[in-house]
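> Quick one: this structure, given as structure tokens, is what I'll be asking you about.
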């Protein structure tokens, strides 16, 4: 069964460093998302992406965040200058249709020291 | 502010019991309600409920959407230890980017 994959599974970085989290969505899906879950808190929407453009972003997704689909299969989330409060599990998701079921990847645990 | 509230936050049952998990929502442009199961990491999709599909069933799991009461329930019958997980409710809105708003989740523990 097709699934969303994410790499790395765990990333440790120093405050102020740039990180890139990678995702490979399900191959025939056209809509891509990033969510995050701070330990013990709710899953929160960050951004949605379609046709090489951001469709929607939340208040969390400020100028230090960016997304990109660098080729036909990868979808990335970049955090330019990480802060302690960026420590969280980051989930990538994809859907075939605009309001279709979103399927989630296994997540990347980001730890900012 | 849009809100999704789940109850109870945690539940401990014995194998064979039936459980009912609740989700209520207040969102501006409701489109769909989704249930996910989160075991170790990734939320795994269970059901999507919309105005045109207010009841879903798969094996021992079933879910109903009550659009009048702005709520949904997830039922699990004859629970097994493998049902132990966090069950997440998420509401999809008719926004440009189809964002999902999640509840806090219900931690279900099924003891042998």
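Residue numbers (this note's numbering), protein chains in the order written: chain A, 1 to 113; chain B, 114 to 225. Yeah, the Cβ is synthetic: ideal placement off N, Cα and C, and Gly gets one too. Just so it is clear, the structure is predicted and the values come from calculations on it, not from any experiment.
Compare the Cα-Cα distances from residue 24/A to each of 12/A, 112/A, 75/A and 88/A and report the closest residue.
Numbered from its first residue, the first chain carries residue 24/A at position 24. Measuring from the Cα of residue 24/A, the nearest candidate turns out to be 75/A.
> Helix or strand or just coil, what does DSSP make of residue 71/A?
Residue numbering aside, residue 71/A sits at position 71 when the first chain is read from its first letter. Coil, per DSSP.
> From the DSSP output, which residues share a beta bridge with residue 125/B?
Translated into the one-based positions of the second chain, residue 125/B becomes position 12. Answer is 222/B.
> Would DSSP call residue 163/B helix, strand or coil?
Residue numbering aside, residue 163/B sits at position 50 when the second chain is read from its first letter. Residue 163/B: strand per DSSP, three-state reduction.
> Report the option in 201/B, 139/B and 195/B whose CA atom is closest to the CA atom of residue 219/B.
Numbered from 1 along the second chain, position 106 holds the residue referred to as residue 219/B. When each option's Cα is compared against that of residue 219/B, the closest is 201/B.
> With a threshold of 8 Å between beta-carbons, can residue 90/A be considered close to chain B, or not?
Here residue 90/A refers to the residue found at position 90 of the first chain. Taking Cβ atoms only, chain B never reaches closer than 8 Å to residue 90/A, which makes this a no.
> With the cut-off set at 8 Å, would you say residue 112/A and residue 7/A are in Cβ contact?
For the purposes of this step, residue 112/A is taken as residue 112 along the first chain, with counting starting at 1. For the purposes of this step, residue 7/A is taken as residue 7 along the first chain, with counting starting at 1. Result no, Cβ atoms of residue 112/A and residue 7/A do not sit closer than 8 Å.
> Applying a beta-carbon distance threshold of less than 7 Å, which residues of chain A neighbour residue 209/B?
Residue mapping note: residue 209/B aligns to position 96 of the second chain, counting from 1. Those are 55 and 56, listed as they occur along chain A.
> With DSSP as the reference, identify every bridge partner of residue 156/B, one or two as the case may be.
Stepping through the second chain from its first residue, residue 156/B is reached at position 43. 151/B.
> Going by beta-carbon coordinates alone, are residue 110/A and residue 19/A separated by less than 8 Å?
Residue numbering aside, residue 110/A sits at position 110 when the first chain is read from its first letter. Residue numbering aside, residue 19/A sits at position 19 when the first chain is read from its first letter. In contact: residue 110/A and residue 19/A (Cβ atoms closer than 8 Å).
> Strictly below 7 Å CB to CB, what residues from chain A border residue 213/B?
For the purposes of this step, residue 213/B is identified with residue 100 of the second chain, where counting begins at 1. Those are 45 and 102, listed as they occur along chain A.
> Of all Cβ atoms in chain B, is any one closer than 8 Å to the Cβ of residue 72/A?
For this step, residue 72/A is matched to residue 72 along the first chain. For residue 72/A, the answer is no, since every Cβ of chain B falls outside 8 Å of its Cβ.
> Using a Cβ-Cβ distance under 8 Å, would residue 78/A count as near chain B?
Within the first chain, the letter at position 78 stands for residue 78/A. Answer no: the Cβ-Cβ gap between residue 78/A and chain B never drops below 8 Å.
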